[in-house]
Amino acid sequence: MKKVEAIIRKSKFDEVKKALHQIEVNFFSYWDVTGVGNEKQGHVYRGISYSTSDIQRRYLVIVVSDDFLEKTVNVLLDTASTGNVGDGKIFVSDVIEAYRIRTKENGSAGIN
1 MKKVEAIIRK
11 SKFDEVKKAL
21 HQIEVNFFSY
31 WDVTGVGNEK
41 QGHVYRGISY
51 STSDIQRRYL
61 VIVVSDDFLE
71 KTVNVLLDTA
81 STGNVGDGKI
91 FVSDVIEAYR
101 IRTKENGSAG
111 IN
């Protein structure tokens, strides 16, 4: 099993969520987060300058079986991208074990 952590633009979240559901990734957690990125210049909107060093993003955590990893990452890469600086990051790590509390199932059965 793998844990996929993705930091994406909030504006892309609904599209990403829909695409994940289409490939049958139906359970994941997400949070609104603020991070510091590489972009250092500010933006001006209606005459007011805004700092872009603190960036509002959405943080997703998805645990998938090994055979769903490539499909999940590809969906994130395809749907979360705008082609601009600040599109986000994806991190993948191993999950040793998973348990479903209600049924006490573990392994892949615990996440499906």
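Position 64 (the sequence shown) corresponds to 64 in this note's numbering; numbering is contiguous. Glycine included, C-beta positions come from ideal geometry on N, C-alpha and C. Please read these numbers as outputs of a predicted model, since none were measured by experiment.
Given that a residue counts as buried once 16 or more other Cβ atoms are within 10 Å of its Cβ, and exposed if not, what is residue i?
| i | result |
| --- | --- |
| G47 | exposed |
| L76 | buried |
| T103 | exposed |
| R57 | buried |
Pull up the CB-CB distance for residue i and residue j, whole angstroms please, since I reckon it's below 8 Å.
| i | j | result |
| --- | --- | --- |
| R9 | G88 | 6 Å |
| G35 | I55 | 5 Å |
Does residue i come within less than 8 Å of chain C when only Cβ atoms are used?
| i | result |
| --- | --- |
| G47 | The structure shown contains no chain C; it is built from a single protein chain. |
How many Å lie between residue i and residue j at the Cα?
| i | j | result |
| --- | --- | --- |
| L69 | D94 | 11 Å |
| I96 | D67 | 15 Å |
Sort out for me which residues DSSP pairs residue i with in a bridge.
| i | result |
| --- | --- |
| R100 | According to DSSP, R100 bridges with nothing at all. |
Taking 8 Å as the cut-off, does the stretch 21-30 touch the stretch 79-87 (at least 3 CB pairs, one atom from each stretch)? no
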